[in-house]
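Numbering (full-length UniProt numbering), first residue to last: 1 to 448. Backbone N, C-alpha and C define an ideal beta-carbon position, used for all residues, glycine too. Model, not experiment: these values are computed from the prediction.
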Amino acid sequence: MATSFLWGAGSAAYQVEGAWNRDGKGPSVLDTLMQRSAVSLRNPAEWPSWDSGSSSYDRVDRDLDGLSALAVSHYRFSLAWARLLPNGTAPANFAGLRYYARLLSGLRQRGIEPVVTLYHWDLPQTLQDLYGGWENPVLVELFLDYAQLCFQHFGRHVRYWLTIDNPYLVAWHGYATGRLARGLRGGRELGYKVAHNLLKAHAKVWHLYNDNFRPAQKGQVSIALSSHWIKPHNMTEKNIKSCQKSLDFVLGWFAKPIFTDGDYPQSMKRYLSLTLPEFTDAEKNLIRGTADFFALSFGATLSFTRVDPDMLFQQQQTLNLRQLLYWISREYNPSQIFIVENGWYVSGSTKTDDANYIFFLFFRVSFQILKKKYDGVTVMGYTVWSLMDGFEWFRGYVRRGLFYVDFQSQDKKMIMKSSGLFYRKVIQDNESHQNRWKWCSKTQASLC
């Protein structure tokens, strides 16, 4: 559907695809971590094993029909590196290419804009075994090769690319703390080293697209950065500076090099001293300006659960997306902000009547997204997470989707929840520039 504001939903390959070892797909670090940790689920009789997801690999039409029923304008999803390149490098897997080509073609036929993530934490296990994963600079060039394959095969269908999802989590909890895949504790210094490589990998992919694919494909490339929001315990100069430092250490770690001067925040350089790697002048020039829009992830994946306590500097986290958007617009002055992930968790026993999720959407959209017109913030789109119930990493299976999935049924049928019906109404009432604020005024004008 054509609209000036993008309303959409999202998912990640590992959460929904299943078929982890079929049709030539290679293992990823997520597969290995789940096998090793044997995630304990609260009700094994109700929940499937970690490797089946929502079975999207076998049910493309089901997912497409769900998206059409929501009336979304875009769908964010990720490509599984190990499904396209089973060992992380050539040769490519034809079955993987065919699967994503079918999904992209179906989206285009339905007028739904694909927003495609190249890397959503599922590094091919072979690259972890051979090189140590992202701690090795060779991954920068291997990621570039993988991106080139994706641009060549899928670029004519894609206008919006995201190179890496949440590099903070990849670097810090994938390599420093070991709480996420790869699942091994390497310490703070390794986390900063990995982030250094992730930034260079992102920048090289942006330049690859800009130099070789943008003229014909006319797409845009960014990186999905996640952040919390934080407020001072009390309004003292010291606490306010601590809040700034906290945002520097989480969001600014990646945003400042990309959106300002190619280098890390001064607060990080002062505080970490020799622990933080240094960019050469050439690398700063490589990284600076390598995003066509600001892609923001905000919500359950990071807020309150995954921000390292040491990075809060004794201040208070909050869920005020509106204030975060305003701060980003003033701190980095991006041309546009695209909210590429926003959602929350609900009880695993919830089926289709998810009133708590409706409240979350109402609060987030009406009080914080639609008020952007008063704040002078340019937001180009909003992506609710997630399209359907699926595997939620360290939480196992929880009910986070707009569609309920019966994981024990043979056909994995999707049923729209109350939140999905609510979100569809929001989209339909705001589908044109002229009546963008219609829904807000109809529901509670005094609060909008």
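Practice problem: Can you grab the Cα-Cα spacing for the pair Gln315 / Pro91, in whole Å? | Solution: 49 Å
Practice problem: Keeping to the same chain, check which residues put their C-beta closer than 8 Å to that of Ile358; ignore five residues upstream and five downstream. | Solution: Ser418, Ser419 and Phe422
Quiz prompt | Between the CA atoms of Leu225 and Ile258 - distance to the nearest angstrom | solution = 11 Å
Quiz item: Roughly how many angstroms lie between the CA atoms of Arg270 and His196, to the nearest whole one?
Solution: 17 Å
Quiz item: For Ala147, which of Gly10, Leu118 and His173 has the nearest alpha-carbon?
Solution: Leu118
Quiz prompt | Contacts around Ala171, its chain only, beta-carbon distance under 7 Å, and the 5 residues preceding and following it disregarded | solution = Gly191, Val194, Ala195 and Leu198
Quiz item: Can you give the Cα-Cα distance for Trp206 and Asp353, rounded to whole angstroms?
Solution: 42 Å
Practice problem: Report yes or no: do three or more beta-carbon pairs, one from the segment 244 to 260 and one from the segment 336 to 343, lie closer than 8 Å? | Solution: no
Quiz item: Between the C-alpha atoms of Arg182 and Phe360, what's the straight-line distance to the nearest angstrom?
Solution: 32 Å
Exercise. Helix, strand or coil for Glu341, going by three-state DSSP, please let me know.
Key: strand
Exercise. Please determine if the segment 82 to 97 and the segment 14 to 32 are in contact, where contact requires at least 3 C-beta pairs separated by less than 8 Å.
Key: yes
Quiz item: According to DSSP, is Arg76 helix, strand or coil?
Solution: strand
Quiz prompt | Separation of Thr236 from Ser73, as counted between CA atoms | solution = 44 Å
Quiz item: Sorted by chain position, which residues of the same chain lie with C-beta nearer than 8 Å to Asn285's C-beta, five sequence neighbours on each side aside?
Solution: Gly262
Practice problem: Sort out for me which residues DSSP pairs Asp165 with in a bridge. | Solution: Ala224
Quiz item: Could you check where the alpha helix (DSSP H) with Gln267 kicks off and where it finishes?
Solution: According to the sequence displayed, residue 267 carries Ser and not Gln. Note, Ser267: alpha helix (DSSP H), Gln266 to Leu272.
Quiz item: Taking buried to mean at least 16 other C-beta atoms within 10 Å of its own C-beta, is Ala76 buried or exposed?
Solution: According to the sequence as given, residue 76 is Arg; it is not Ala. Arg76 is buried by the Cβ-count criterion.
Exercise. Identify, in the order they occur along the chain, each residue of the same chain with its Cβ nearer than 7 Å to the Cβ of Lys245, setting aside the five sequence neighbours on each side.
Key: Ser267 and Phe313
Quiz item: Per DSSP, which one or two residues make a beta bridge with Thr275?
Solution: Thr275 is not bridged to any residue.
Self-check item: Cβ neighbours of His233 in the same chain (closer than 8 Å, five flanking residues each side left out)
Solution: Asn239, Gln314, Gln315 and Gln316
Self-check item: Straight-line gap, Phe294 to Asn333 (C-alpha atoms, nearest Å)
Solution: 9 Å
Self-check item: Secondary structure of Val194, DSSP reduced to three states
Solution: helix
Quiz prompt | 8 Å Cβ cutoff met for residue 463 and Leu64 | solution = The structure shown does not extend to residue 463, since the chain is modelled only from 1 through 448, so no value can be given for it.
Quiz item: In this structure, does DSSP put Pro309 in helix, strand or coil?
Solution: helix
Quiz item: Skipping 5 residues on each side, what residues in its chain have a beta carbon closer than 8 Å to that of Ala291?
Solution: Trp206, Val221, Ser222, Ile223, Ile258, Phe259 and Pro334
Practice problem: Determine the contact status of Ser227 and Phe298, defining contact as a CB-CB distance below 8 Å. | Solution: yes
Quiz prompt | Per DSSP, cross-strand counterpart(s) of Pro124 | solution = Ser28
Self-check item: Candidates Tyr100, Leu70, Ala69 and Gly66, of which the one nearest Trp81 by Cα
Solution: Tyr100
Quiz item: How should Arg42 be labelled, buried or exposed, when 16 other C-beta atoms within 10 angstroms of its C-beta is the threshold for buried?
Solution: Confidence is the limiting factor: at Arg42 the pLDDT is only 43, short of 50, which leaves the residue's position unreliable, though a coordinate-based value still follows. So Arg42 counts as exposed.
Exercise. Check Thr318 in the structure and name its three-state DSSP category.
Key: strand
Quiz item: Which runs of the beta strand (DSSP E), 3 residues or longer, sit entirely within the segment 93 to 141?
Solution: 113 to 119
Practice problem: Name the two residues that bound the continuous alpha helix (DSSP H) containing Gly381. | Solution: Careful: Gly381 lies outside any alpha helix (DSSP H), inside the beta strand (DSSP E) at Val379 to Trp385.
Practice problem: Would you kindly work out how many angstroms separate the C-alpha atoms of Phe5 and Arg185, rounded to a whole number? | Solution: 42 Å
Quiz item: Quick one: is Glu113 buried, meaning 16 or more other Cβ sit within 10 Å of its Cβ, or exposed?
Solution: buried
Practice problem: Kindly indicate which three-state DSSP category Gly174 falls into: helix, strand or coil? | Solution: helix
Quiz item: Can you tell me whether DSSP reads Ala19 as helix, strand or coil?
Solution: coil
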